[in-house]
Amino acid sequence: MLKYIYRRALQLIPILIGITIINFGIMYLSPSDPAERELVLRGMMVSQETLAAMRADMGLDQPFWIQYGRWVKNLFKGDLGTSFASGRPVMVEIGECLPYTLSLAATAIIMTMVVSIPLGLLSAVRQNGILDYLIRVLTFVGGTMPGFLVGLLLIYVFGLRLKWQPVISDGSWSSMVLPTITLALAMTCKYIRQIRAAILEELDKEYVWGARARGVKEKYILYRNVLKNSMLTIITLLGISIGYLLGGTAIVEIIFTWPGMGKLVMEAINMRDYPIVQGYVIWMAVIFVSVNLITDLSYRLLNPRIRLSEEVA
Amino acid sequence: MGIVPKVADPVKFRFLFFSALSLFIFAGAIAGPYLVPHDPIKTNFGLVNLPPSWEYPFGTDRLGRCLFSRVVCGAQVTIFSSLLLVGIIFAFGTAVGVVSSYVGGRLDTLCMRVTDIVLAFPDMVLAIAVAGFLGGGLTNAIITLSCVSWTKYARLARSQVLGLRDQTFMEAAKLAGNTTPQIIFRHILPNAMGPLVVTAALDIGVMMIGVAGLSFLGLGVRPPTPEWGAMLNDGRNYFQQYPGTIFFPGAAIFLSIMVFNLFGDALRDFMAPRPAAAVGDKAKPKANRIEANV
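Heads up: the sequence lines are chains H and C, in that order.
Take the first sequence: its letters are residues 1 to 313, numbered as in the numbering used here.
Take the second sequence: its letters are residues 1001 to 1294, numbered as in the numbering used here.
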C-alpha cells in the first residue's frame, strides 16, 4: 500500500507542473497588459516609455520561463497575487469564498447518497416492477435537465409561487436547500441508475445463489453482502462526480447568488480581474486532483482483491 | 441476427424512431428561421411580456420580441454548434488517440501526459477560465469546450487501438504491404469506430448543456442572438412578470437533449452485439449493461 501511495504521488508531479504551466500560460497569453493596468491605477500617463519602464519594473520583459518560475515560487509561498478589482490578496478573497463552495458541494454529496442508495436498491430489488419503471423514467428525466434549468424552475415553484424559500441566498442554512437540490438532482439520478445496475449485477453472482440455497435471509444477503460489494461502484462514482460538482457550483451560485467561488470567479471575469480567475483554477484543480487521489486510495483500501494481489506481486 | 430482417425488432425500431426524431429536429433547426412569423431580434416596446396568443404563440419577452420565433431560431445556434463541437472533439481526440498508440513510444507517453493534465481540471472550471480569458462569443465558446472535451476520445481510441494492434489480421495487413495510412484508415479505424461513435452520439446532449451553460453564464453567445442558454439567462430576471421567458426555451433545450440522449442510447443498444433470438432468453438481462448515459 505504501509503495502504491508513493508511486501515485510521483505521478502527481508532472500533472501539477502541467496545471501550473497551463494556468500561467493562459494568463501570459491573455489580451490584458498588467503594466498598462498598473499605470492607469496609479494615475500615470500611458505612453511607450512609461509602459516600457513599468514592464521592466514588474519583470514583464523577461522571458516566459523566468516569469513562470517567479510565479511558481510565489505560489509555494501562498502568494497568488492581488486582485485587480479590490486590491486585496487573491488568497484572502478565495479563503472567504471557498468554505461556501465546499459546504454546498458537501451537502449535495450527502443528499445524493441519502437519496440514491435506498432508491437504487429499491429499484434493483423490484426489477421490472411498476416502482422500478417509475424510478427509471424519473431518473432519466432528471438526468437530462441541465442544472441551470432545474435551478430556475425551483426558484419559480418554491420561491415565487409557494414562497417557501428565499429566492436569493444569504449564506444561511435554510437558503442552502434549493442550491443543494439543484446541484444534486442530476447526480442523484445518475447514481440511482448506476447503483441499480451495480446491485443487479451483484445479485446475479453465484455467491448470492449459494447464500440463498443455504437459507440465509434475503435481507441479510442484500444489506451485508450485496450492498457492501456495490459500495465500490459508489466510490468510483464519487471520484468522477467531484469534477462535475466543482464546475457545477459556478452555475448554481450565480442563479442563487450563493457567495462561493463560482460567483467570485464570474464577477472577476466580468471585471477582467485575471489574478482571481487564475487562483480559482489553481484551487479547483488542486482540490480535484487530491480528491481523486483519496478516492483512488480508499478504493484500494476497501477492495481487498486489488490490495492483496498487489501486495503479493 | 440480421440476415432476415425481422419486423418486430424492438431495438432496431427504437433506433430508427429516434434517428427520425433527431433528423426532424435538425430539419426544424435548418428550416426554422425561414418559417417563423416574426423577426427574432426585432424589439417592440408596445408589446412587452405578452401572454401567448395566435399572433405570438409563446408570448413576447421583456423587449417585445416574439418568443416563439426566438425559440425556433435558437435551435440552430444551440444544436449546430453542439454538433460542430462533437465533430471537432471526435476527430481531434480520435486522431490523437490512434496516432499516439499506433506510433507508440515517446509520442504516446507525451500525448497521454497531456491528456492527464487536461483531465486534472474539472471540465466546467477550465471552460469558465478559458472562456473568461478569451472573452465571450460563440466561436470562443466552441474553442473553449473543444479544448476541454477531446480527451475522452483520445483515451477511448487509444484503448481500442491497443486491443487491435496485436491481432492476427493486423499482422496480415502489414505483411500484405499496406502503408501506415492505409492500415490506419482501412483496418484500424473501421474496427475501432463503434464505441467512439456511440460516445459521440451521447455527447451531443452533453455539449448542448455546455454551450447553453456557457451562454447562460454570459460567456457564450452574445445577447441579441437567440440561443437557448442566453435566453434563459435573459429571462431569469424577468420571469416573475412572465414565466414563459424561461419555460419555453427551457422546454426546448430539455426536449432536444432528451431526444438526443435517447437516440444515443438506442444507437448503443443497436450497435451492441446482440445474442441471436434462439439464445436470447439465456442472455443476461439488458438492465445489467453499464449505464453510459449522462
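C-beta atoms are modelled at their ideal positions from N, C-alpha and C, and glycine is treated no differently.
Every value quoted in this text rests on a predicted model; they were computed, and no experiment measured them.
Boundaries cannot be given for Q1241(C), as no alpha helix (DSSP H) includes it and DSSP labels it neither H nor E. Sequence-distant Cβ neighbours of G142(H) in its own chain, meaning closer than 6 angstroms and more than five residues away, are L185 and C189. Shown here, T82(H) sits in a strand according to DSSP, grouped into three states.
The Cβ atoms of A250(H) and M266(H) sit closer than 8 angstroms to each other. The count of Cβ pairs closer than 8 angstroms, one atom from the region 199–214 of chain H and one from the region 134–149 of chain H, stays below three, leaving the stretches out of contact.
By the Cβ criterion, the region 1169–1188 of chain C is not in contact with the region 1230–1248 of chain C, since fewer than three pairs of Cβ atoms, one from each stretch, lie closer than 8 angstroms. With respect to the 8 angstroms criterion, P1223(C) and A1212(C) are not classified as neighbours on the basis of their beta carbons. The secondary-structure analysis by DSSP pairs C1066(C) across a beta bridge with T1060(C). Chain order gives the chain H residues near Q1240(C) as L160, where near means a beta carbon separation below 8 angstroms.
From the listed residues L302(H), S298(H), A268(H) and V252(H), the smallest Cα separation to T101(H) is found for V252(H). Listed along chain H is no residue with a C-beta nearer than 7 angstroms to that of F1248(C); the closest approach is about 12 angstroms.
In the DSSP assignment, N292(H) falls within the alpha helix (DSSP H) that extends over Y274 to L302.
Of the residues F1133(C), A1154(C) and D1123(C), the one whose Cα lies closest to the Cα of L1110(C) is A1154(C). In this structure, F1026(C) is the residue among N1191(C), L1145(C), P1181(C) and F1026(C) with its C-alpha nearest to the C-alpha of Q1076(C). Between L149(H) and F1254(C), the gap from beta carbon to beta carbon is short of 8 angstroms. By the Cβ neighbour-count rule, D57(H) is exposed, with fewer than 16 other Cβ atoms within 10 Å of its own. In the same chain as I1142(C), and ignoring 5 residues on each side of it, the C-beta atoms closer than 7 angstroms to its own belong to S1081, L1084 and L1085, in chain order. Residue environment for A1020(C): exposed (fewer than 16 other C-beta atoms within 10 angstroms of its C-beta). Residue ranges of uninterrupted alpha helix (DSSP H) with 4 or more members are absent from the region 243–268 of chain H; none lies entirely inside it.
About 12 angstroms separates the CB atoms of P1249(C) and P1040(C); that is not less than 8 angstroms, and the two are not in contact. Runs of the alpha helix (DSSP H) spanning 4 or more residues and lying entirely within the region 1083–1128 of chain C occur at 1105–1119, in chain order.
The shortest CA-to-CA distance from L183(H) to any of M1(H), T107(H), M91(H) and R42(H) is the one to T107(H). By the C-beta density criterion, Y156(H) is buried, having at least 16 other C-beta atoms within 10 angstroms. The bridge partners DSSP lists for P89(H) are T82(H).
Pairing R1165(C) with L1189(C), the inter-Cα distance amounts to about 12 angstroms.
About 7 angstroms separates the CB atoms of Y4(H) and R300(H); that is less than 8 angstroms, so the two are in contact. Here DSSP, grouped into helix, strand and coil, assigns R126(H) to coil. When secondary structure is reduced to three states using DSSP, L1219(C) falls in the coil class, being assigned neither helix nor strand. Comparing alpha-carbon positions, the option among H1187(C), L1145(C) and P1052(C) lying closest to Q1167(C) turns out to be H1187(C).
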